Amino acid sequence: MASEAPPFWWEEPDWKVLALSPLSAVYALVAGRGMRRARREKIQAPVLCVGNFTVGGTGKTPVAIALAQQAKRMRLKPGFLSRGHGGSFAEPHVVDIRHDSAKHVGDEPLLLAEHAPVAVTPNRAAGARLLLEKHGCDFLIMDDGFQSARIHIDYALVVVDARYGIGNGRVIPGGPLRAKIVDQLVFTSGLLKMGEGTAADAVVRRAARAGRPIFEAHTEPSSKAGLAGKRFLAFAGIGHPEKFFDTVREAGGEVTLPRPFPDHHFYAEDELAELAVTARAEGLGLITTAKDAARLRHGAPQDFLDRLDVLEIDTVFELDHVPERIIEETLDAWRQRKLRG
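Once you know that position 28 of the sequence shown is 374 in the working numbering, the rest is easy, because the numbers rise by one and skip nothing.
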């Protein structure tokens with residue numbers, strides 16, 4: 347299940363969904379109206395948004411990184427816009443990976459900042475100006491913000507997880523959708539189906555009928571070196587921890603003890619001590635995600651970090667030309683926007 351989300355969101359609708367349906371209807375009405383009527387500031391650079399239809403992890407951040415890498419291959423200078431989950435800066439702030447902690451800027455921005463400048467702020471227009479004027483960026487990638495952004499999006503790539511899809515298909519609080527699919531598809535430029543599974547097939551068909559291009563991708567370990575034959579206590583505080591456990595197995599490791607935590611979880615000292623003691627008593631290694639490691643980088647005991655394996659992942663598109671196509675279509679949309687004035 348997705349953390350920060352009740353289990354029934356990912357199951358067939360039941361009485362809880364029925365009881366929450368009036369609230370879901372109100373939320374859907376407000377969210378849809380907000381998307382349609384939002385005043386979006388036009389930025390003096392192409393804006394590519396990597397978003398999703400639902401609450402919960404769909405793998406947006408690795409996709410955003412893959413697209414930034416492609417932009418650099420095309421001689422662009424990308425920059426990331428992120429709200430920064432749990433961040434504490436009142437003004438737009440460019441992430442400094444040497445000094446900023448996840449508690450200050452969020453965990454995902456720390457990962458993004460290894461690849462391009464990242465402006466963290468709820469005010470994405472102000473963040474965009476900071477990246478353009480102070481850091482020389484000429485191509486902006488928004489990690490999330492599809493429903494709530496107040497800047498013009500030239501291309502919106504919506505990521506949907508093939509294993510979990512859109513859950514029970516209901517809007518918050520009865521389900522994981524951030525707005526009705528019909529309202530979100532209006533603003534969708536392309537749909538990216540991530541991983542293997544059939545849970546997303548219905549929404550993929552709906553997007554295809556609406557004329558949206560459908561792309562496919564999956565994640566795989568950046569390196570499988572050193573994991574084969576090892577037994578692990580694997581822990582993860584991400585949207586769908588089960589996906590991480592499966593990736594460890596794919597890399598050749600054995601997940602003897604899986605420990606899921608809530609998404610964006612900040613580990614208390616006693617939790618880390620319990621993980622370390624349990625792993626040592628069972629003769630297991632410790633392994634976690636890059637996102638969790640970003641949160642642990644500032645604050646976890648050094649001896650814990652020294653014995654911790656971190657599994658990095660890459661996004662691999664099923665067709666090699668897709669990242670370039672997405673970047674080119676973003677650039678084309680921006681050029682058309684400039685011509686219209």
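For every residue, glycine included, the Cβ atom is placed at its ideal position computed from N, Cα and C. Predicted model, so just to flag it, every value in this text is computed and none were measured.
In the DSSP assignment, Val409 falls outside any beta strand (DSSP E) and within the unbroken alpha helix (DSSP H) covering 406-419.
Beta bridge pairing from DSSP links Ser568 with no other residue. Note on Ile560: under 16 other CB atoms within 10 angstroms of its CB, so exposed under the neighbour-count rule.
Classified as exposed, Lys684 has fewer than 16 neighbouring CB atoms from the shown chains inside 10 Å of its CB. Shown here, Val656 sits in a strand according to DSSP, grouped into three states.
Between Asp490 and Leu456, the alpha-carbon positions lie close to 15 Å from each other.
Within the same chain, Tyr373 come within 6 Å of Ile518 by CB-CB distance, once the 5 residues on both sides are set aside. Within the same chain, Leu579 come within 6 Å of Leu603 by CB-CB distance, once the 5 residues on both sides are set aside. Of the candidates Thr544, Phe435, Lys526, Val549, Val549 places its Cα closest to the Cα of Gly536. A distance of 8 Å or more separates the beta carbons of Asp453 and Thr565. Nearest C-alpha to Ala474 among Arg516, Pro438, Glu620: Pro438. Taken through DSSP and simplified to helix, strand or coil, Gly645 comes out as coil. C-alpha of Ala627 to C-alpha of Leu621: approximately 10 Å in a straight line. A straight-line Cα-Cα distance of about 6 Å links Pro359 and Asn514.
For Pro408, the closest alpha carbon among the candidates Gly557, Leu642, Gly629, Asp507 is that of Asp507. Residues Asp529, Val532 of the same chain have their beta carbon placed closer than 8 Å to that of Arg382, with the five preceding and five following residues left out of the count.
If you keep only unbroken alpha helix (DSSP H) runs of at least 4 residues inside the region 594-653, you get 615-628, 636-642, 648-652. Just so you know, the alpha carbons of Phe590 and Arg686 end up roughly 45 Å apart. Between the beta-carbon of Arg429 and that of Pro368 there is about 29 Å, and that puts the pair past the 8 Å contact cut. Secondary structure of Tyr373 (DSSP, three-state): helix. Under the three-state reduction of DSSP, Arg577 is assigned to strand. DSSP, read as helix, strand or coil, puts Ala465 in strand. Counting along the chain, the unbroken beta strand (DSSP E) around Pro424 starts and ends at 424-428. According to DSSP, residue pairing for Tyr501 in a beta bridge involves Leu394. With 16 or more other CB atoms across the displayed protein chains lying within 10 angstroms of its CB, Pro424 is buried.
Residues Leu394, Leu413, Gln416, Ala417, Met420, Leu422, Phe485 of the same chain have their beta carbon placed closer than 8 Å to that of Ile673, with the five preceding and five following residues left out of the count. Between the region 662-680 and the region 609-617, the count of Cβ pairs shorter than 8 Å is below three; the stretches do not touch. By a beta-carbon distance limit of 8 Å, Gly403 contacts His586. Their separation comes to about 5 Å.
With 16 or more other Cβ atoms from the protein chains shown falling within 10 Å of its own Cβ, Gly405 counts as buried.
Boundaries for Ile518: no alpha helix (DSSP H) harbours it, and the DSSP string shows neither H nor E there.
Rounded to whole angstroms, the separation of the alpha carbons of Val451 and His445 is 11 Å. Arg577 and Glu596 have their alpha carbons spaced roughly 13 Å apart. Residue range 453-458 is occupied by the alpha helix (DSSP H) that includes Asp453. The DSSP-derived three-state label of Thr676 is helix. Between Gly575 and Gly598, the beta carbon gap of about 7 Å places them in contact (Cβ cut-off 8 Å).
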